[in-house]
Structures are given as structure tokens and as C-alpha cells.
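Enquirer: Numbering (the numbering used here), first residue to last: 78 to 500.
Note that beta-carbon positions come from the ideal geometry of N, C-alpha and C, so glycine has one too.
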């Protein structure tokens, strides 16, 4: 029996946490996932052997406890989405007790494969182990309570606390929520039919092994291509779409080609950190909305791109996103030279710090490893930034339920990428 690393439910009064408009659709999607995967997104922090164990535990407990939203449980109260969270002192004490249960060895799969009956429990999970390489800490958040920017903020504060410096990330999540006066967007029956035009399965679920739960069997397949970023950017501009729309079209098209299903629905995270007040907040500031696209066998890529562009526009409209928010800073419809029909793409379980060493002092460091995203049955991430010249990415997939389908999707994606014209 796998150990359950969930921080136990708190007894006594809980603090009430607000939410921001537009996040209800993401929360609802997580709760409707019947695979038992509504909870799991996890990371591992590795600390060098020279780090002081007690100091590390204190830095992690103090930092996480400053953000009780990480241990909150959300529900619909009337028409509002609200959370209930422990107090900072109670959460700090619980974290210290859990971290103190140091084990000789834990694998990533040990941490992910918690008991099935509690797999979808919202909350905060944590574990620690020591080996010859140093100290390792596993942290798991419920999908609603943390996004990639939050991960980076938390890591920065852990490093600062370890070195005796004051934290920088803000704790006023409720204050921020209260300043957001936007009304929740209601989705009409016609809009629901547009997203889900018929009873599924949509995409790879058509190939899912019947009766397979696949609990704890997520695999992460990374891929690279010899297609340079500049080529993708140039082709997107020639098609008058954003690079995101181009890459989403290639991904949706690959899913359709492998599954044989004409309608593909993908949950797409939209970034909502455009305001200065949100830049230092730890909380769920990326909003996932479903994007539904239709595909025909043998259809040219440029035709698919135009249809995906419209689908993304419609998805953003359901969230009431202001047009000005759809453009990177300093750009507009007049200066871009082509349409930008999307809010800036933000992978909900990503981090700029992943894979790099963060200095904690002389010969002391920590590094972050994001574990396979277990928040959905199939997750896709592609890298298109100034730090990587060739297009690369990864697909996280339930190995037991989907077999080798991830490899087939990757092959189709790389094939379409390589088919992008050079000029």
C-alpha cells in the first residue's frame, strides 16, 4: 500500500478565501474529472549535501505556510467559488511535522502513487528523504491552487528564507480578489453545444483502454525537432496568426490524426497575470478553458490554422477577456502586423526555474524537477521561447490507458513542424 502524504484535514475554524472571476470553469473541470486525477500536480526539490537539513525544513514550512491557499478546499457557495483554508500557524505546524518524517528513500512514483481512494482529495502533500546526494522534498498541490508563476515565486522565497533574507512574494490573495469586480461569465446552452457538439470521446479517449484506471502510471515523453523557432515565428506571421495558434493547430491536428476522431477538445490555460498587483501573488491565476476544433483527413495545415484561430477567439470570448489583454506588452493590432487572438499562453504546471540550480550560498544549492503532470489524462507542453532555438516539448500521458499513442502524436507533430515552409 502506497503511503498517503496528504496534510490531514484541519480541525477547528478555517479562514475563508475568495476567488477571482473566470476561474470557476477551471475548478469545475477539475471536479468533473472522473479519473481520480483531479488533484495531482507535483514537484521535487533537490538540495545539495552541504545544505543544513533543519534550515531547509524551516524555509519550506515557513514559505508554504505563508500561503494557506495551497491547502485550501474550494466549493460553490451560492453563486461564488470560495475556499476554506487553515490558519498560517496551524499549516506551519502541520508542514513541520510532515517534513520531520524523513525517509531513507522515496521515488517520484512513490509520491505520485498515493492511495486511490484519496487521489482526488484537495489539499497539500509533502514528503522528504535523504540519500548520498543530499536532501529531497516532494511537494504536491491541488491543480486549482497553484500555477507556474506561483511555483517560481515560492522557490524564490524558499531560497531567500534559507539565506536569511525577507520574502518578496505577496500574501494578500484575498485583498487582490476583492479588487476584482468582474462578473462570472455564464456559458449559454448554444456555447456549450459549440464546445461539445456531441457526446464524446473527443480525441485520444477514443483509444483509451477500456476499464483501465492507470493510477500512478503517468509517463513524460520529451521530444526535440530540428525546426528552428525563427521558422515557426515567420510562418505564423505569414498566416496572420500567433505562434500559439499555429502550434495548437498542429497539436489538435495530430490528436485527430492518431485517434481518428474529427472533433478534438483541449483545455487551454490563459494567463491572467497582466496586472501589477498579481505579479507577486501565489494562487490560481491561470484559467483553463476548453477549445474545440474540427478536423478532416488530408486537410492542408493552413485551413486548420484558420479554424483553430476562430475557436481560440470564441474560447477567450466566453471568459470575457478584454481585447487589450490579448497582446504582449508594447503590441497592439496596429503594431503587430497580424492578429493575436489569444491571451498570452501560460502552461499551468510549468516553471522558469525547472532544471536549473538555485544558489543558496557557498557550495549549497537547490534545483527543481517538475514531475509528470497528472492533472489530466493527456497533457502537452511545447517550448517556444528565446532560450531554445529548436522547437521542443513533452507529452505527459497515462501509459496504462493509452499505450504508445503519445509516441504517435509526437511523430505527427514533428512531421507537421518539419513541413512548415522555410520562407
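Can you confirm whether the segment 130 to 145 touches the segment 235 to 245 when touching is taken to mean that 3 or more C-beta pairs between the two stretches lie within less than 8 Å?
Expert: Enough Cβ pairs lie closer than 8 Å, so yes.
Enquirer: Just the Cα atoms here: how many angstroms apart are residue 341 and residue 496?
Expert: Here the question's residue 341 lines up with position 264 in the chain shown. Here the question's residue 496 lines up with position 419 in the chain shown. Roughly 22 Å between the two C-alpha positions.
Enquirer: Can you give me the C-alpha to C-alpha distance between residue 491 and residue 380, rounded to a whole angstrom?
Expert: Here residue 491 refers to the residue found at position 414 of the chain shown. Here residue 380 refers to the residue found at position 303 of the chain shown. Going by the C-alpha atoms only, they are around 18 Å apart.
Enquirer: Let me know if residue 256 comes out buried or exposed under the rule of 16 or more other beta-carbons within 10 Å of its beta-carbon.
Expert: Taking the first residue of the chain shown as 1, we reach residue 256 at position 179. Burial call: exposed.
Enquirer: Assuming residue 440 and residue 209 are in contact, meaning their beta carbons sit under 8 Å apart, how far apart are those beta carbons, in whole angstroms?
Expert: Stepping through the chain shown from its first residue, residue 440 is reached at position 363. Stepping through the chain shown from its first residue, residue 209 is reached at position 132. About 16 Å; that fails the 8 Å criterion.
Enquirer: Report the residue from 145, 87, 125, 378 whose alpha carbon sits nearest the alpha carbon of residue 438.
Expert: As a first step, residue 438 is located in the chain shown; it is residue number 361 there, counting from the start. Residue 438 has its Cα closest to that of 125, out of 145, 87, 125, 378.
Enquirer: State the DSSP-derived secondary structure class of residue 484, mapped to helix, strand or coil.
Expert: Taking the chain shown and counting its residues from 1, one reaches residue 484 at position 407. Here residue 484 sits in helix by DSSP.
Enquirer: By the three-class DSSP mapping on this structure, what secondary structure does residue 213 have?
Expert: By 1-based counting over the chain shown, the position of residue 213 is 136. Note: residue 213 maps to strand in three-state DSSP.
Enquirer: Quick one: any contact between the segment 219 to 228 and the segment 323 to 333, if contact means 3 or more CB pairs under 8 Å?
Expert: The answer is no - the segment 323 to 333 does not touch the segment 219 to 228, with fewer than three Cβ pairs under 8 Å.
Enquirer: In the DSSP output, what is residue 145 paired with across the bridge?
Expert: One-based indexing of the chain shown puts residue 145 at position 68. Answer by DSSP bridge pairing: none, since residue 145 is not bridged.
Enquirer: With DSSP as the reference, please indicate the residues paired to residue 161 in a beta bridge.
Expert: Looking up residue 161 in the chain shown gives position 84. Looking at the DSSP assignment, residue 161 forms a beta bridge with 93, 150.
Enquirer: To the nearest angstrom, how far is the alpha carbon of residue 201 from that of residue 84?
Expert: Within the chain shown, the letter at position 124 stands for residue 201. Within the chain shown, the letter at position 7 stands for residue 84. Approximately 6 Å, taken between the alpha carbons.
Enquirer: Leaving out the 5 sequence neighbours to the left and right, which residues in its chain are closer than 6 Å to residue 183 when beta-carbon positions are compared?
Expert: Locating residue 183 in the chain shown gives position 106, counting from the first residue. Result list for residue 183: 204, 206, in chain order.
Enquirer: Based on the DSSP output, what are the partners of residue 322 in its beta bridges?
Expert: Here residue 322 is taken as the residue at index 245 of the chain shown, counted from 1. None; residue 322 has no bridge partner.
Enquirer: Under the rule that 16 or more other beta-carbon atoms within 10 Å means buried, what is residue 307, buried or exposed?
Expert: Looking up residue 307 in the chain shown gives position 230. The residue in question, residue 307, is exposed, as its Cβ has fewer than 16 Cβ neighbours within 10 Å.
Enquirer: Span of the beta strand (DSSP E) holding residue 208?
Expert: In the chain shown, residue 208 corresponds to position 131, counting from 1. Counting along the chain, the beta strand (DSSP E) containing residue 208 begins and ends at 201 to 208.
Enquirer: Residues in its own chain within less than 8 Å of residue 82 by CB, not counting five upstream and five downstream?
Expert: For the purposes of this step, residue 82 is taken as residue 5 along the chain shown, with counting starting at 1. Answer for residue 82: 175, 188, 191, 202, 203, 204, 215, 217, listed in chain order.
Enquirer: Give the straight-line distance between the Cα atoms of residue 312 and residue 330, rounded to the nearest whole angstrom.
Expert: Within the chain shown, the letter at position 235 stands for residue 312. Within the chain shown, the letter at position 253 stands for residue 330. If I take the Cα positions, the gap works out to 17 Å.
Enquirer: Which whole-angstrom value is the C-beta distance of residue 472 and residue 298, which I expect to be below 8 Å?
Expert: Taking the first residue of the chain shown as position 1, residue 472 is located at position 395. Taking the first residue of the chain shown as position 1, residue 298 is located at position 221. The Cβ separation is near 5 Å, so the contact holds.
Enquirer: Count the other CB atoms within 10 Å of the CB of residue 243; is the residue buried (16 or more) or exposed (fewer)?
Expert: Position 166 of the chain shown, counted from the start, is the residue given in the question as residue 243. Burial call: exposed.
Enquirer: Would you grab the beta carbon distance between residue 158 and residue 96 for me? Rounded to a whole angstrom, and I think it's under 8 Å.
Expert: To locate residue 158, count along the chain shown from 1; it is residue 81. To locate residue 96, count along the chain shown from 1; it is residue 19. So it is a contact: roughly 4 Å between Cβ atoms.
Enquirer: How far does the alpha helix (DSSP H) with residue 307 in it reach, from first residue to last?
Expert: Here residue 307 is taken as the residue at index 230 of the chain shown, counted from 1. Start and end: 306 to 315.
Enquirer: For residue 282 and residue 430, what's the separation of their Cα atoms in angstroms?
Expert: Along the chain shown, one-based indexing puts residue 282 at 205. Along the chain shown, one-based indexing puts residue 430 at 353. So the alpha carbons of these two residues sit roughly 32 Å apart.
Enquirer: Between which two residues does the alpha helix (DSSP H) containing residue 227 stretch?
Expert: Stepping through the chain shown from its first residue, residue 227 is reached at position 150. Counting along the chain, the alpha helix (DSSP H) containing residue 227 begins and ends at 225 to 239.
Enquirer: Going by the beta-carbon positions, is the gap between residue 146 and residue 171 smaller than 7 Å?
Expert: Translated into the one-based positions of the chain shown, residue 146 becomes position 69. Translated into the one-based positions of the chain shown, residue 171 becomes position 94. Cβ distance not < 7 Å, so residue 146 and residue 171 don't count as in contact.
Enquirer: Using only alpha-carbon positions, find the residue among 104, 212, 498, 101 that is nearest to residue 305.
Expert: In the chain shown, counting from the first residue as 1, residue 305 sits at position 228. Answer by Cα proximity: 498.
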